[in-house]
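The structure under discussion appears below in the form of structure tokens.
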Amino acid sequence: QRIGVPRETFPLEKRVATVPDVVEKLIKLGFKVAVESGAGEAANFSDDAYRAAGAEIIDGAAALWAASDIVFKVRPPSPDEVGLMREGGMLIDFIWPAQHPELMQQLAARKATVLAIDCLPRTLSRAQKMDALTSTAGVSGYRAVIEAANAFGRYFNGQITAAGKVPPAKVFIAGAGVAGLAAIGTAANLGAIVRANDTRAEVADQVKSLGGEFVKVDYEEDGAGGGGYAKVMSEGFQAAQRQMYAQQAKDADIIITTALIPGKPAPKLITAEMVQSMKPGSVIVDMAAEQGGNCELTVPGEAVVRHGVTIIGYTDLASRLAKQSSTLYATNLLRLTEELCKAKDGLAIVNMEDDAIRGLTVIKDGAITWPAPPLKQA
Ligand code: NAD
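Take any residue in the sequence shown, count from 1 to its spot, add 14: that is its number in UniProt numbering.
See below:
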């Protein structure tokens, strides 16, 4: 079978679904690989590099899609792209089926088989190597700190210089999941004083191991909502949490928010009043901007200044580190392809008896198979 990798068409998207090193490995599994001319350009992978790895370069999206039995992509396909897809073809991609019911119908009408990388059952330890949500969140958390440092007018680390003593920056991280933990590690490595909070008490040790201090809300309630994710908290908890966050906002130079609850709008944790209480020149990076934002004053996709505080709501943080995120994503898809092609004969087989593959498969030969039944051990 031939795996095809088109150039991403979503505005500002710089990532690409495979990289030259991974092309070589896909070919070793028995596949042919075709890459649309220019697909890797924005992530610093040239056509020549793909060619040297054994890929065929094809001009134009229409020819690429037509030549591909399996398409690897990053962003969900546009209606135009679905129109280019081969009838009965396979697509491996971020899909977010709950948010895109029309796309699901269009793909089903093409009699497609679709593996949605965002539907991977992440709690299966066997699935970790394929977990593109985790690798993407890790890159984004790192980049959030870099964006904050770029907008902040001071050092992150404390220094004693001939020109005087410089205090370390104080960073507060709201939400210590995958992205939050990456941000904690990065900010601590830059020398900042890092504090973090999460509604799930179980993350406290992870925060500490990365060099942060876990700050508890003074209210007895745990936020674990099943599957490692958070739940919506009680009114009482939320009030206590607002009080604690108000204190942290006054003290912090940088706030990075990452709090999400599956299927719900992002909790509003940073109020306009808290922003106003921050020191001028402080920075907020709201990683939940696309899901409505954790801060009341966030403008999704933009950096704005409110009350002297820069509030960054970029929704393309992973794409801003395109080479790194593409490399990790390509490796996640390689691991998935190895699972689909155990015989190493260049044929992908979707085994619906395999829990990980079953979870990912949202459309099989034109039949919608999403949502997958819950995992037996869950
Ligand atoms: P996420 O992006 O859904 O949420 C980010 C964080 O925000 C979570 O830690 C959540 O608890 C926190 N949060 C939600 N509401 C909040 C509030 N009101 N105040 C403060 N914090 C709040 O989560 P994620 O980063 O995708 O990861 C979620 C979980 O999945 C973690 O436990 C992670 O370890 C787990 N996970 C497990 C595996 C695995 O078992 N293989 C793989 C990946 C992730």
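Built from N, CA and C at the ideal position, the CB exists for glycine as well.
Heavy atom of the ligand NAD within 7 Å of residue i beta-carbon
i	result
Thr272	yes
Asn211	yes
Gln262	no
Ala151	yes
Ala75	no
Met247	yes
Ser333	no
Asp300	no
Tyr243	yes
Ser154	no
Gln15	no
Ile275	yes
Gln120	no
Arg157	no
Arg140	no
Leu283	yes
Arg256	no
Ala165	no
Asp145	yes
Val319	no
Gly237	yes
Val192	yes
Arg65	no
Val217	yes
Ala188	yes
Arg349	no
Thr312	no
Arg21	no
Thr127	no
Arg372	no
Arg136	yes
Bridge-paired residues (DSSP) for residue i
i	result
Lys179	Ile174
Cys309	Ile284
Thr272	DSSP lists no partner for Thr272.
residue 13	Outside the displayed span of the chain (15 to 392) sits residue 13, for which this structure offers no information.
Glu70	Ala48
residue 393	Because residue 393 is not part of the residues shown, which for the chain are 15 to 392, the question remains open.
Phe59	In the DSSP output, where bridge partners are listed per residue, Phe59 has none listed.
Phe228	Ala210
Closest residue to residue i among the options (Cα-Cα distance)
i	options	result
Lys46	Ala75, Gly18, Ala53	Gly18
Leu40	Pro388, Leu361, Gly380	Leu361
Thr375	Val319, Trp110, Glu101	Trp110
Glu234	Met247, Leu224, Gly242, Gly240	Met247
Thr32	Thr341, Ser51, Ala260, Leu134	Thr341
Gly102	Pro387, Asp379, Leu138	Asp379
Asp212	Ala188, Val36, Ala177	Ala188
Leu26	Met288, Val88, Cys133, Leu43	Val88
Val289	Pro279, Ile268, Ala63, Ile275	Ile268
Pro387	Asp232, Trp79, Pro135, Ala146	Pro135
Val123	Val96, Arg140, Ala141	Sequence check: residue 123 is Ala here, not Val. Nearest option by C-alpha distance: Val96.
Arg334	Lys28, Glu367, Val49	Lys28
Ser82	His321, Glu216, Gln252, Met104	Met104
Met99	Ala75, Leu129, Glu116	Ala75
Thr285	Tyr259, Met301, Val297	Tyr259
Ala67	Asp300, Gln220, Val37	Val37
Glu116	Ile382, Lys390, Ile270	Ile382
Met366	Val128, Arg320, Glu316, Glu55	Val128
Ala141	Asp359, Asn346, Ile207	Asn346
Ala56	Ala357, Ile326, Lys337, Arg168	Lys337
Ala218	Gly199, Ala190, Tyr243	Ala190
Burial state of residue i, where buried means 16 or more other Cβ atoms lie within 10 Å
i	result
Arg21	buried
Ser339	buried
Gly236	With the sequence shown as reference, residue 236 is identified as Asp, and Gly is not the correct amino acid for it. Asp236 comes out exposed.
Ser154	buried
Arg209	buried
Glu287	exposed
Asp107	buried
Ile174	exposed
Ile377	buried
Ala357	exposed
Glu216	exposed
Thr324	buried
Glu50	buried
Arg157	buried
Asp62	exposed
8 Å Cβ cutoff, residue i in contact with chain B
i	result
Lys230	This model lacks chain B altogether, as it is built from one protein chain only.
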